[in-house]
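S.K.:
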Amino acid sequence: MPIILRLDVMMARRKVRSNVLARAIGITEANLSLLKSGKVKGMKFDTLEALCAFLHCQPGDILEYAPEQPNQLPDDQIHGLGQDTLKRA
Numbered sequence: 078m079p080i081i082l083r084l085d086v087m088m089a090r091r092k093v094r095s096n097v098l099a100r101a102i103g104i105t106e107a108n109l110s111l112l113k114s115g116k117v118k119g120m121k122f123d124t125l126e127a128l129c130a131f132l133h134c135q136p137g138d139i140l141e142y143a144p145e146q147p148n149q150l151p152d153d154q155i156h157g158l159g160q161d162t163l164k165r166a
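This is the structure:
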């Protein structure tokens, strides 16, 4: 999956235990465990907001984008292409 959850890293930096965080943001410890392990397909923005508020961080501190396959063209070439060209590529 191209989105990686780094919740466990942020929790360790903030020295926050799972049971405390789960209770503070209103989710079960089981659901928090799934978030920490990355075994979820998504999360509500309300949950992300609560995590960021409690951990005093930004969404980018918890979420990381890692593409499965790198672009075949360098960025400067991609930005110069029109939509028609991209569809044919």
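In my numbering, the protein residues as written are 78 to 166. Virtual Cβ for every residue (Gly too), placed ideally from N, Cα, C.
1) Enumerate in chain order the residues of its own chain whose CB-to-CB distance from LEU98 is below 7 Å, with the five nearest sequence positions on each side excluded.
2) In chain order, what residues of the same chain lie with their CB nearer than 8 Å to the CB of PRO136, ignoring the 5 residues before and after it?
3) Could you give the residue range of the alpha helix (DSSP H) that holds GLU141?
4) Which same chain residues, not among the five before or five after GLU145, have their C-beta less than 7 Å away from its C-beta?
M.R.: If we stick to the structure as given:
1) MET88, LEU109 and PHE131
2) LEU125 and CYS129
3) No alpha helix (DSSP H) holds GLU141; the beta strand (DSSP E) holding it covers 140–142.
4) PRO79
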